[in-house]
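> There's a structure below that I have some questions on.
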Amino acid sequence: MKYKAVLFDFDGTLADTLPVCFYSFQTIFKKYDGRTLSKKEMIEMFGPSETGIIEQNLQNKEKMTEAIEDYYSCYEREHCNLVRMNEEIIYMIEHLRKRKISIGIVTGKARKSLEISLKHLFLSEFYKVAISGDDVVNPKPHPEGINKALKVLGISPQNTLYVGDSNADIEAGKRADVETAGVNWLINSHGSAFTIKPDYEFSSITDFMKIF
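Here UniProt numbering is used: the first residue of the sequence shown is 1, the next is one more, and so on.
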């Protein structure tokens with residue numbers, strides 16, 4: 001088999017977590033800055049981890065530490081209300097594992113929120129490496145996270161597929177010399193149009209599994 005490793009983005013790819021991210025950011029910026037953020041404004045902030053987003057964009061610098069702690073408390077508190085476990089994702093991961101493919105996560109999420117989501121969605125046991133936004137200096141579209149994951153796994157770029165739902169994911173994969181799959185199979189993926197062309201595009205998990 002060509003692929004020995006499949007690396008996944010997290011938000012919008014492995015888990016439909018964007019609603020709880022949006023809710024938590026809106027709550028924090030309203031509470032500490034008195035401003036209401038649109039979905040478009042929040043998406044434009046994406047790149048760094050959630051901690052980095054708050055540090056870079058919160059105007060109330062005196063309350064920075066409190067706001068960051070509040071974000072993660074809100075994220076965990078609302079996770080069960082806004083995010084559902086996806087049986088199709090679980091089935092896909094089991095499908096890959098049966099084929100002896102190493103599974104990894106490369107995400108811009110902070111380690112803290114990633115672990116909250118993995119726990120709530122029963123995904124903690126499925127991956128061999130997880131690189132979070134806290135583990136890199138340069139966020140996507142820089143390839144640092146993918147390169148780190150490959151080093152941990154000991155697998156070459158030529159035998160790796162990176163799966164994500166945004167242009168930053170696809171660019172990061174191309175810069176890391178891995179093949180890429182652009183997906184929009186979850187309701188709250190970043191969007192269906194890729195301006196950077198991936199090697200594959202999938203709107204369903206079933207179609208994705210056919211390449212393995």
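All C-beta atoms in this analysis are idealised placements derived from N, C-alpha and C, irrespective of residue type, glycine included.
1. Count the other C-beta atoms from every protein chain shown that fall within 10 angstroms of the C-beta of Thr13, then say buried if there are 16 or more, exposed otherwise.
2. Give the secondary structure of Glu201 by DSSP, where H, G and I count as helix, E and B as strand, and everything else as coil.
3. Pick from Gln59, Met42, Asp199 and Pro139: whose alpha carbon is nearest that of Pro19?
4. What is the C-beta distance between residue 233 and Ala181, in whole angstroms, given that I count them as a contact (C-beta under 8 Å)?
5. Going straight from the alpha carbon of Ile53 to that of Lys100, what length do you get?
6. So if DSSP puts Ala5 in a beta bridge, which residue, or which two residues, is it bridged to?
7. Using three-state DSSP, classify Gly182 as helix, strand or coil.
8. Fully enclosed by the stretch 34 to 96, which alpha helix (DSSP H) runs are 4 residues long or longer?
9. Secondary structure at Ala130, three-state DSSP: helix, strand or coil?
10. For a test of the three-state rule: what should DSSP assign to Asp11, helix, strand or coil?
11. If you measure between the beta carbons of Met92 and Phe208, is that distance less than 9 Å?
12. Distance check for Asp134 and Phe126, CA to CA, integer angstroms please.
13. According to the Cβ coordinates, are Ala5 and Ser102 closer than 9 Å?
Let's see:
1. Per the 10 Å Cβ criterion, buried.
2. Judged by DSSP in its simplified three-state form, Glu201 adopts strand.
3. Looking at the Cα atoms, Met42 is the closest of the given residues.
4. No answer is possible for residue 233: it lies beyond the span of the chain, which begins at 1 and ends at 212.
5. Taking the straight line joining both Cα atoms gives about 37 Å.
6. Ser102 and Thr160, per the DSSP bridge assignment.
7. Residue state for Gly182 is assigned as strand, using DSSP reduced to three classes.
8. List check, alpha helix (DSSP H) in window: 39 to 45, 50 to 57 and 64 to 82.
9. Reduced to three states, the DSSP call for Ala130 is strand.
10. Shown here, Asp11 sits in a strand according to DSSP, grouped into three states.
11. Against a cut-off of 9 Å, the Cβ pair of Phe208 and Met92 comes out as a contact.
12. Spanning the alpha carbons of Phe126 and Asp134 requires a straight line of approximately 20 Å.
13. One thing to note: Ala5 has its Cβ within 9 Å of the Cβ of Ser102.
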